[in-house]
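Below is one structure, written out as C-alpha cells; comments come after it.
Numbering (UniProt numbering), first residue to last: 1 to 594.
What follows is the structure, encoded as C-alpha cells:
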C-alpha cells in the first residue's frame, strides 16, 4: 500500500481496499451474491463506532450477510465527551492552524516550521506526543522558510492531531487481533495523520481555511473511523472494503461542478445517489465500509443523509440507523419512566418529533428514502435482537404507538423483513386507538411578543415583523398571530447582541416583550383533528397541574398541538401529558432508552 502526502481533497487516499488488501484470515464471509438478494444499508453513529466496534462486527453485520448485501456507513468516532469527539478535535486543529503563534520577524505570515514525521514502526515504537520533543523537519513550500525558523516550537495543532492519532491507534489495538492486519492498519493511521498535519501546515502558508478545506479536514475523521471498522470486520472474518466517496460527487449536466445553490436541488441528490451506488457495486462481494461525508459538497453532520442517498441509489430493502436506544419512544425515556417503544411510525410524525426536540432522523434525510418507498429502522447497537422502530413509507399506514401484549400484533424483529404491504396489514388490523403517538419537549426557547403600535394596517405590521426576522436569519419554531399581536417562539442560541438588535428593530412595529427560559411542549399524532377533545384534555391536564401556558399553536398539517410553558415545568408537564393524553399507565414502560 502507498500513502499520499499531498493534502488535497482530491488526492489518492491509501486505504484498506480491494486494490491492495491487507493480509487477513482465510475463508472470509462475503456479501450474498444471489442476484435476488436485496441491499441493506446500515449506518452507525460516532458513539456506536467508538464504543461498540467489535460488537458491530460480531453480532450485527455478520447476522445479515447470508440473506442480504450489506453496505455500512460510519460517522467519525466520538470520544468520552463531545468535546473530545474526532470531529470537534479536527475543528480545533483547524482553528489552531490559523493561530499566529509562529510568525517571528522576517518570516511570512502564519507559517509553522514543525511537521511531525514518523520513522519508527507504528507497532513497536509509538510516536511520542508533541510535548516530548519529537523529530521535526522544516516545511518549506516554495522556499518560503528560512533555516532560522527550525528552532521554533511545534504548532499547537500537533498536540491535537496526536490525540486523534492516539485515539485511533488505541481503537485499532483493542479491536484488531491479527498482528499483521494491525500493523498495516496502524501504518494507515500514521499516514493519514501525517497527511492531516501537512494539510494544516498548508493552511498556515496561505493563512486561510476555505469551506472546502474545512470539509477536507473534517473528512479525515470519518476516513480513520471507517478504516478501523473495515479492519475490525476483516479481523472477524468479514471481507470488508474501505470506500472513500470524496471523488464520487458527480458533475452537473453541462459538465461543470455544482454551485452552492445547485447543490440544494433534488437533481443533485439524485445524481449523488446514482454515483455512490455505482461505486459500491464495484466492491463485488466485499462489504463496503463507506465514509459518511462527501467533503466538498456536504461536510459535517450529513452521515445520515449519505446513508439515505446510498439506500436510495441501491434500492435497498431497508435503511437501518443504529443508535444507543431501542428506537423512537412515546416520550424521552430519560425524563418519562413510563415511555414505551413505538414499533411503527409515519414519516410525518417522525419529522414532527425531530423538529420539536426528539433526536430521530432529519426530515430531509427521511425524504430521500421515503420517496423511494424504502423503510427506515431505528435500532439499538446494545440490543441488536430488538425490533426497533420502523419509519414506514406508506402514507396510509397509521402508527402503532404502544400495542398491548395481548393485542396479537407481530412486531418485526432484527432478522425479519416484512414487506410494506404486510406492515400495512399489521397496522390496519391493530386495535382502533384514536390516541396521539408521542409527546416531546424542546427546551432553550425564547418567546418574543410584539403588540402593534397601530401605525400600519395589519398586513403592514406582519410584513414589518417577518421582514426583521428574515434580515437577521431568525428561525421561528412556533407562531401565534392576530391582527395586532404576534407571539413567536425561537431557539435561544442567538448571540445576545444579535437578539438585542432584533428586538430594537421589532420595536419599530410595536411594543416588544421577551420571555426567556421557556420550552415547547408538543403532542404529536396523525389526524389529530379527528381526535375529539384531545386539545381540551391536554390543556385541562396542564391546568390541573398548575402549569401556565404562555402560547398555543396547532399545526395546519393536523399532526401536532404545541404550547409554550416555563422550562422549569417541562419534565412535570411531559409526564402529565404522557399519562393523560396517551393513556399510558405507570406500569407501561418498556424498551431501553439509553
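For every residue, glycine included, the Cβ atom is placed at its ideal position computed from N, Cα and C.
The model shown is predicted, which means the values in this text are computed figures rather than measured ones.
Under the criterion of beta carbons closer than 8 Å, residue 288 and residue 325 do not qualify as touching, at roughly 26 Å.
Nearest C-alpha to residue 450 among 199, 392 and 509: 509. Judged by their CB atoms, residue 458 and residue 551 are not nearer to each other than the 8 Å cut-off. Of the candidates 78, 29, 86 and 79, the residue whose Cα lies closest to the Cα of residue 66 is 29. Shown here, residue 384 sits in coil according to DSSP, grouped into three states, outside any helix or strand. Take residue 581, set aside five residues on each side of it, and the residues of its chain with a beta-carbon closer than 8 Å to its own are 435, 436, 439, 523, 534, 537, 538 and 541, in chain order. C-alpha of residue 330 to C-alpha of residue 583: approximately 11 Å in a straight line. In the three-state scheme derived from DSSP, where H, G and I count as helix and E and B as strand, residue 29 is classed as strand. Check the Cα spacing between residue 54 and each of 97, 519 and 172: the tightest is with 172.
Excluding its 5 nearest sequence neighbours in each direction, residue 233 has C-beta neighbours in its own chain below 6 Å: 57 and 240, listed in chain order. The alpha-carbon separation between residue 328 and residue 363 amounts to approximately 15 Å. DSSP places residue 554 within a strand segment (E or B) once states are collapsed to three. Around the beta carbon of residue 500, fewer than 16 other beta carbons sit within 10 angstroms, so the residue counts as exposed.
With contacts defined by Cβ atoms closer than 8 Å, residue 321 and residue 238 do not form a contacting pair.
Looking only at 304, 217, 32 and 99, the smallest Cα-Cα distance to residue 88 is reached by 217.
Rounded to whole angstroms, the Cβ separation of residue 50 and residue 77 is 4 Å, and the two are in contact under 8 Å. In terms of Cα proximity to residue 164, the closest of 42, 155, 221 and 185 is 221.
Counting only runs of 4+ residues, the alpha helix (DSSP H) found wholly inside the region 318-387 occupies 347-355 and 363-370, in chain order. Just measuring C-alpha positions, the residue of 519, 503, 443 and 520 sitting nearest residue 512 is 503. By alpha-carbon distance to residue 478, the top candidate from 490, 468 and 485 is 490. Residues 347, 350, 351, 376 and 391 of the same chain have their beta carbon placed closer than 7 Å to that of residue 366, with the five preceding and five following residues left out of the count. Between residue 303 and residue 43 the beta-carbon gap is near 6 Å, inside 8 Å, which marks them as a contact.
Excluding residues up to 5 positions away in sequence, 322 and 381 lie with their Cβ nearer than 6 Å to the Cβ of residue 48 in the same chain. Excluding the 5 residues flanking it on each side, residue 386 has same chain C-beta neighbours closer than 6 Å at 326 and 380, in chain order. Considering only 353, 191, 285 and 279, the residue with the shortest C-alpha distance to residue 562 is 353.
In this structure, residue 518 sits near residue 564, with a CB-CB distance shorter than 8 Å. Annotated three-state conformation of residue 444 is strand, per DSSP. Residues of the same chain with a CB within less than 6 Å of the CB of residue 485, apart from the 5 flanking positions on each side, are 451 in chain order. In the three-state DSSP reduction, residue 288 falls in the strand class (E or B). Relative to residue 245, the option among 37, 277, 162 and 41 whose CA is nearest is 277.
Taking a 10 Å sphere around the C-beta of residue 569, we find 16 or more other C-beta atoms and assign the residue as buried. In this structure, DSSP gives residue 560 an extended state, which the three-state scheme calls strand. With a contact defined as Cβ atoms closer than 8 Å, residue 309 and residue 441 miss out at about 31 Å. Assigned with DSSP and collapsed to three states, residue 480 falls in strand. Residue 342 sits buried, since 16 or more C-beta atoms from the chains shown fall within 10 Å of its C-beta. Under DSSP, the beta-bridge partners assigned to residue 566 are 518.
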